[in-house]
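Have a look at the structure below before the remarks.
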Amino acid sequence: MLKSKRALVLSVISLLGSLVSLVGSEYRSSGNESNSKAESSHYEYNRHSTFFNRSSNVIEQQISPKSLKNLRHIKPSSPSFALNAKTAGNQYAIDDDLNSTQAIYSSVGPLVAALRGHPAAGHAEPPHVKFAILLPEKPRNRRDVRILSTIRPVIEMATRVVTGPEGVLRNVRIEIDYRDTQCSSTYGALGAFDIFLKRKPDVFFGPICDYVIAPIARYNSVWGIPILTTGGLTDAFSIKPSYPTLTRMMGSYSDTGLAVREIRRHFNWTVQAFIYHDNDENKGKGHSDCSMAISSIFRALNTTDYFSHNFDETETSYKDYLQILTKTKRKARIVIMCASPATIREIMLAAAELNMVDSGEYVFFNIEIFSSMAATKKPPWFVKNDTDERNLKAKNAYTALLQVVARQPEDDEYRRFSEEVKQLTKANFNYTYAEDEPVSTFVTAFYDAVLLYAYALNDSIALLGEERALQQPINGTHLAHLMWGKSFKGITGNVTIDANGDRLSDYSLLDLNPNTGMFEIVANYFHDGGLHFVEGKTIHWSGGRLTAPPDRPTCGFDGSLCPDKSLPGYAILSLILGVCVVCMAIASILGYRHYKLEAEINSMTWKVHANEVLSCNPSHGHRGSMLLMAKRGSQATIYSEDLNSLPGDRQIYIQFGFYKGCKVAIKKINIHNLNLNRTLMLEFKRMKDLQHDHLVRFYGACLDPSPEPFILTEYCPKGSLQDILENETIKLDWMFKISLMHDIVKGMAFLHSTEIHSHGALKSSNCVVDSRFVLKVTDFGLHQLRRPTEELDQESYAYWKKLLWTAPELLRDPHHDPAGTPKGDVYSFGIIVQEIVSRQGPFYIGDDEKSPKEIIKLVKNGPESFGMPFRPRVDETSYEDVNNLMVKCWAEDPLERPDFNLLKTIIRKINKENESGNILDNLLQRMEQYANNLEALVEERTQDYFEEKRKCEELLYQLLPRSVAAQLIMGKSVIAETYDQVTIYFSDIVGFTSISAQSTPMQVVDLLNDLYTCFDSIVENFDVYKVETIGDAYMVVSGLPMRNGNLHAREISRMALALLAAVYKFSIRHRPNEQLRLRIGLHSGPCVAGVVGLKMPRYCLFGDTVNTASRMESNGEALKIHVSSTTKQLLDTFGTFDVTERGLVPMKGKGEMLTYWLNGEKTESSFKSPAKPPDGSGGPVALLNGVPPTGILNNNNNSAMYSLNSANGGSGGGTTKKLNNVSYNFIKSNSTKNLPNTKARVSLGGEDTIRGVTQPLLTQIN
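Under mature numbering (1 follows the signal peptide of the UniProt record, and there is no 0), residues -25 to -1, 1 to 1237 are what the sequence shown spells out, in order.
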């Protein structure tokens, strides 16, 4: 029975807790400052919100069930955000009535106060501080332990210390929340915005990734929130005017550079080499941490005598490391490295192979960035999965390696603290450290970060008093400067923060003890004491040396520092020349004939060994058209993995690999027991020597039967010409088509001039395109090896398909030479030209479709079947010169076909403007011609370019304001701007829903197009900016983007009078007898404008002025102009406008407002006070003569996307207008007026602005 009652009580308490959370959120959002009905507001997140809500885990103190008997002793829990259960997807709504909230709150009484953190009568709420942690949940790499699972327990431990009975913040309650940044500048920034909007934190801990810190630190400078991190070591973050609230708890890479400089000075070294990992710039990942660290070290050393080489460790092989070190040997003996431990191990193994270790002449330094190796018992040279032999080699190689790491405390207090951290991490956060793995100072430094913030906050309380210091929001900029210049004893030792907000860090120098195989600390660098060697420890130099090796050889790297004691140069030269002359004479007499005939054949430079090729097997699942699948081994479509210029699915049909640093195509030879005779060897030699810009290069062949023979050719990633022509998404203009023809002709002309003479299998699938979009001919020569791959079933579709490019005389000869004839190649070229022109495939004959077998038979029959040769259909409407060329190439008589030299001349005449033949060469040629002013055509093309550029800019200016468009064109980010006074115009059509229901969609479109075309022509005459049209709503603003003082009210009013006058003469096409009733509302006030979104960016307005203007329109009357008291006051300053008081009008979310009717303008200007219409309904008559202009339907003068909470009929319930299924809302917030530096917040798109945006205002590309 007791358990049942207790369960019932707990259920009631749980229900009340949920209710109180909902009440508390609404109560806080209302601000307790108004008893009027709050305007409904919707807060919609984009698809990332679900991710952040899922990762959020607010750490709050729990209410013990035992304390339910005495609610006065329940410790308040931290406030949480209410979730509306009726909301769908990721939308969070807070939409309850304030009066109901207060009634519920008063009913619940002390229980509410206890549960939600608001004190009941007689109880004081303790001050609270909100911590926000921005860290990745998963490490970027295996050695980086700076993640949520390892750092959260450290921050919690520090929090308990500072808020404990003896803590400096013992009277302060701390709440902790976190977000997963994923080390992404996109998700990290979104997480910062999400936690800022939901939790309003007082301090940020993290992030730790440089490209995430940069944007968030800039945001925090505007938000006034301090940010403490152990990342951001790059020198760019030392520029504190850009990051005024950033404090770095591990200093910067400059400290590492000072440590290395001190080591170099101690050993009197001046020459060094830098070898480090950096991300490939084509991957878009930015520079690596190692790159930034080495750059700082380089600046600290301030040296000019150095050698530098960077590499991407994800794409670098052991052979590459050998090459890098070979170059390094000729430049330096002191090598400073930065890379992952696995890469350092490979480099050291390569150094050992090059005798750079045992010689004792070289010293290697490894800059270990984010970990400490002082306490680990696992030797870094040992890899469990490697062989014992390589592990021993690695151990020996590491004798030449010194490690520079961040200094880690070695006292008992730190070791006990580390063990406590490990236990807490394992128990509460499911992360287990390795058995002997130390807790990195980059993790424990967050403990000192909490202490530093607590000390600064305590100092602020002492200076300002507790009430001012803890008044929300806490002045984070003030706290940040209190942290700077502070020193205290932390868990990681003595912590000193300099005046620039960076910790002064210490470093340790580690050396391998050859007896134990472990790295030991041999020296420490202190920022205030220099380099100090550990007593009893010495550096074990490699090669048995007892002292440090010099940084350069005695005679210099090129031997120039030692005197030359050899024979004089002229004597040696004379001797060598004499011997050479004798030898050459003898060799010429005895071996000239033999050498001349056989040397080239027997050299076998084309021979490739299988172990020299690194094969990359493509996907086994082939996809594509039947044509491509039936190809006989030619190089087909291969979309480059790093070049995405061709749209569509990436398809791979050929194996590729790497040979001597070149990416090559690997073509298997289905032939066994090959007889390598003199003829075949001679052909291999000719293929090897054949090089031309438009012929695929032959690298060599491997004829070993195991694993199987293959040949290597140049790899062209863009695929074949046939695939490009079949891809409808690729648009080819005539310049491009003729350029492709020109490339084929130049390649074939050169091929016919060589000893190969002809191709024999020229077709569009044997014309491939390289990465520069240069077309090259492939699959020529070596027909003895290719023949077996062509033995297909003579009844198959593929067999007949491949014959479509074959000349008729060769089709009639079943035993023709597979090398073909030059004239046969010209016929094949003619078929390819037809493919390029029509893009309908080979032998396109129109609607009368025939199978390939039928086509081949008709071609073989010649003129006998139709009285003329059977050929593809010629499109008479296409390029006439190209058609004539095509017909000549496929002439029935081979003698009538032009050769490729003549074809090259003909195409050059056709393509006068593109003589270089491919796009890149054309571009370079045009630039050169323009620079040298050699041809007038370049000037004409330049003018065309500027004209097109002008058209594009004009189009952009129609979509965005000129000032905004100019910033986007220059690549600048557009920052939201605050305008103190603007006037906004809203209008819609009364009864538009009824008109739409009784009209067809096209009639509605015609109506709106005619109306808005008329409006646009009138708007252009005033100093206003058209924002957008949504359905029947029309929005215009004056006073932005160009400020015009107080003239904005006059401009909008005159425009409204003109538009209202035009409506009276406006005639609906399909309902000419019906008067269009326009309802107009005006309001003046401040707003914020900026560009929103990444896709289709829109110029948007934000602020309560937009909502009020919409309310003025929705609460107005047809054919009247409804203005607010603010606008009326501005109009009164001109003294020309006729304004009549309407009285107090209830506005949704505003209460009762005093509004007015604008009747007209009293002056004798072009916009006079209009008379009443003939029907006596009241309102101004049109002042514009003629029928409203009509025009084509377009996307408005400005396609920027704005949304407003306006009602389409009367003053009842506002609706949210949507465009592209995305809701944009403008929310009035009463909380901003209490915030310091409100203007600075709004200018960046503050809380009022950001709540209505589903795309980030400021983003960085990841």
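In this text, a Cβ means the ideal position worked out from N, Cα and C, and glycines have one as well.
In this text the structure is predicted, and so the values were computed from the model without any measurement.
Next item on the list: Please confirm whether residue 756 and residue 678 have their CB atoms less than 9 Å apart.
Entry: Numbered from 1 along the sequence shown, position 781 holds the residue referred to as residue 756. Numbered from 1 along the sequence shown, position 703 holds the residue referred to as residue 678. No, they are not a contact pair.
Check: Sorted by chain position, which residues of the same chain lie with C-beta nearer than 7 Å to residue 667's C-beta, five sequence neighbours on each side aside?
Finding: Here residue 667 corresponds to residue number 692 of the sequence shown, with the count starting at 1. Result list for residue 667: 722, 725, in chain order.
Item checked: residue 525 versus residue 304: straight-line alpha-carbon distance, rounded -> As a position in the sequence shown, residue 525 is number 550, starting the count at 1. As a position in the sequence shown, residue 304 is number 329, starting the count at 1. So the alpha carbons of these two residues sit roughly 14 Å apart.
Check: residue 1064 by DSSP, collapsed to three states: which one?
Finding: Position 1089 of the sequence shown holds residue 1064. Here residue 1064 carries a strand assignment [DSSP, helix/strand/coil].
Check: Can you give the beta carbon distance from residue 208 to residue 225, rounded, assuming they're within the 8 Å contact cut?
Finding: Reading the sequence shown from its first residue, position 233 is the one you call residue 208. Reading the sequence shown from its first residue, position 250 is the one you call residue 225. Contact holds; Cβ gap of about 6 Å.
Item checked: Segment contact flag, the segment 1046 to 1060 with the segment 989 to 996, C-beta cutoff 8 Å, min 3 pairs -> They do not touch, by the three-pair rule.
Checklist line | Buried versus exposed, by CB contacts within 10 Å (16 or more), residue 1129 | finding: Sequence index remark: in the sequence shown, residue 1129 carries index 1154 (1-based). With fewer than 16 other Cβ atoms within 10 Å, it is exposed.
Notebook entry, point to check: Roughly how many angstroms separate the alpha carbons of residue 648 and residue 676, rounded to a whole number?
Noted result: Counting from one through the sequence shown, the residue named residue 648 turns up at place 673. Counting from one through the sequence shown, the residue named residue 676 turns up at place 701. Approximately 15 Å between the Cα atoms of the pair.
Notebook entry, point to check: Which two residues bound the contiguous beta strand (DSSP E) that contains residue 1122?
Noted result: The count along the sequence shown starts at 1 and reaches residue 1122 at position 1147. Run containing residue 1122: 1112 to 1122, per the beta strand (DSSP E) assignment.
Next item on the list: Flag this pair as yes or no: are the beta carbons of residue 870 and residue 804 separated by less than 9 Å?
Entry: Numbered from its first residue, the sequence shown carries residue 870 at position 895. Numbered from its first residue, the sequence shown carries residue 804 at position 829. Their beta carbons are not under 9 Å apart, which means residue 870 does not touch residue 804 by this criterion.
Check: From this set, 670, 1071, 1083, 961, which residue's C-alpha is nearest residue 1030's C-alpha?
Finding: The residue labelled residue 1030 in the question sits at position 1055 within the sequence shown. Residue 1030 has its Cα closest to that of 961, out of 670, 1071, 1083, 961.
Item checked: Start and end residues, alpha helix (DSSP H) containing residue 659 -> If you number the sequence shown from 1, residue 659 lands on position 684. 653 to 664 is the extent of the alpha helix (DSSP H) around residue 659.
Checklist line | residue 1080 classed as buried or exposed, judged by whether at least 16 other C-beta atoms fall within 10 angstroms | finding: By 1-based counting over the sequence shown, the position of residue 1080 is 1105. Looking at its Cβ environment, which holds 16 or more other Cβ atoms inside 10 Å, residue 1080 is buried.
Check: Leaving out five residues before and five after residue 334 in sequence, what residues of the same chain have Cβ atoms less than 7 Å from its Cβ?
Finding: Residue 334 sits at position 359 when you count from the first residue of the sequence shown. The residues 518, in chain order, have a CB closer than 7 Å to that of residue 334 in the same chain once the five nearest residues on each side in sequence are set aside.
Notebook entry, point to check: Whose CA, out of 561, 461, 294, 344, lies closest to the CA of residue 328?
Noted result: What you label residue 328 is simply residue 353 of the sequence shown in a count that begins at 1. Considering only alpha carbons, the answer is 294.
Checklist line | Identity of the residue in 1046, 584, 632 nearest residue 1241 by Cα | finding: One cannot answer for residue 1241 here, as it falls past the ends of the chain, which runs -25 to 1237.
Notebook entry, point to check: Between which two residues does the beta strand (DSSP E) containing residue 432 stretch?
Noted result: Your numbering for residue 432 matches position 457 in the sequence shown. Note, residue 432: premise wrong, no beta strand (DSSP E); alpha helix (DSSP H) at 416 to 439.
Item checked: Terminal residues of the beta strand (DSSP E) in which residue 507 lies -> Here the question's residue 507 lines up with position 532 in the sequence shown. 505 to 508 is the extent of the beta strand (DSSP E) around residue 507.
Check: Are residue 325 and residue 339 close, meaning C-beta to C-beta below 9 Å?
Finding: Against the sequence shown, residue 325 aligns to sequence position 350. Against the sequence shown, residue 339 aligns to sequence position 364. No, Cβ-Cβ distance for residue 325 and residue 339 is not below 9 Å.
Notebook entry, point to check: Straight-line CA distance for residue 253 to residue 262?
Noted result: In the sequence shown, residue 253 corresponds to position 278, counting from 1. In the sequence shown, residue 262 corresponds to position 287, counting from 1. Rounded to the nearest angstrom, the two C-alpha atoms are 6 Å apart.
Notebook entry, point to check: With burial defined as no fewer than 16 other Cβ atoms inside 10 Å of the residue's Cβ, what is the status of residue 311: buried or exposed?
Noted result: For the purposes of this step, residue 311 is identified with residue 336 of the sequence shown, where counting begins at 1. Burial call: buried.
Note to self: In whole angstroms, give me the CA-to-CA distance for residue 737 and residue 635.
What the structure shows: Within the sequence shown, the letter at position 762 stands for residue 737. Within the sequence shown, the letter at position 660 stands for residue 635. Going from the Cα of residue 737 to the Cα of residue 635 covers about 29 Å.
Next item on the list: Identify which residue in 1104, 943, 108 has its Cα closest to the Cα of residue 1023.
Entry: Here residue 1023 is taken as the residue at index 1048 of the sequence shown, counted from 1. The alpha carbon of residue 1023 has as its nearest neighbour, out of 1104, 943, 108, the alpha carbon of 1104.
Notebook entry, point to check: Candidates 186, 954, 480: which alpha carbon is nearest residue 115's?
Noted result: If you number the sequence shown from 1, residue 115 lands on position 140. Of the listed residues, the one whose Cα sits closest to residue 115 is 186.
Next item on the list: Could you tell me the distance, in whole angstroms, from the CA atom of residue 577 to the CA atom of residue 656?
Entry: Along the sequence shown, one-based indexing puts residue 577 at 602. Along the sequence shown, one-based indexing puts residue 656 at 681. Straight-line Cα distance between these residues: approximately 8 Å.
Next item on the list: Using beta-carbon positions only, say whether residue 860 and residue 752 come within less than 9 Å of one another.
Entry: Working through the sequence shown from its first residue, we reach residue 860 at position 885. Working through the sequence shown from its first residue, we reach residue 752 at position 777. Going by C-beta atoms, residue 860 is not nearer than 9 Å to residue 752.
Notebook entry, point to check: For the candidate residues 268, 170, 247, 407, whose alpha-carbon lies nearest to that of residue 336?
Noted result: Counting from 1 along the sequence shown, the entry for residue 336 is found at position 361. For residue 336, the closest alpha carbon among the candidates 268, 170, 247, 407 is that of 247.
Notebook entry, point to check: Three or more C-beta pairs closer than 8 Å, one from the segment 466 to 483 and one from the segment 377 to 385: is that the case here?
Noted result: yes
Notebook entry, point to check: In whole angstroms, what is the alpha-carbon distance linking residue 744 and residue 1007?
Noted result: Taking the first residue of the sequence shown as position 1, residue 744 is located at position 769. Taking the first residue of the sequence shown as position 1, residue 1007 is located at position 1032. Computed Cα separation, rounded: 52 Å.
Note to self: Can you check whether the C-beta of residue 852 is within less than 9 Å of a C-beta belonging to chain D?
What the structure shows: Among the protein chains of the structure shown there is no chain D, as only one such chain exists.
Next item on the list: Could you have a look at residue 388 and say whether DSSP puts it in helix, strand or coil?
Entry: Here residue 388 is taken as the residue at index 413 of the sequence shown, counted from 1. Residue 388 falls in the helix class under three-state DSSP.
Item checked: Residue span of the beta strand (DSSP E) that contains residue 203, given as start and end -> Walking along the sequence shown from the start, residue 203 turns up at place 228. Element bounds for residue 203: 202 to 204.
Next item on the list: Can you tell me which of 217, 533, 273 puts its alpha carbon nearest to the alpha carbon of residue 306?
Entry: Locating residue 306 in the sequence shown gives position 331, counting from the first residue. The candidate whose alpha carbon is nearest that of residue 306 is 533.
Notebook entry, point to check: Does DSSP put residue 644 in a helix, in a strand, or in coil?
Noted result: Position 669 of the sequence shown, counted from the first residue, corresponds to residue 644. It is coil, neither helix nor strand.
Check: Can you tell which of 1042, 781, 813, 237 has the C-alpha that lies nearest to the C-alpha of residue 832?
Finding: As a working note, residue 832 is residue 857 in the sequence shown. When each option's Cα is compared against that of residue 832, the closest is 781.
Check: What are the boundary residues of the alpha helix (DSSP H) that residue 1023 is part of?
Finding: Start at 1 with the first residue of the sequence shown, and residue 1023 comes out as number 1048. According to the DSSP assignment, residue 1023 belongs to the alpha helix (DSSP H) that extends over 1022 to 1040.
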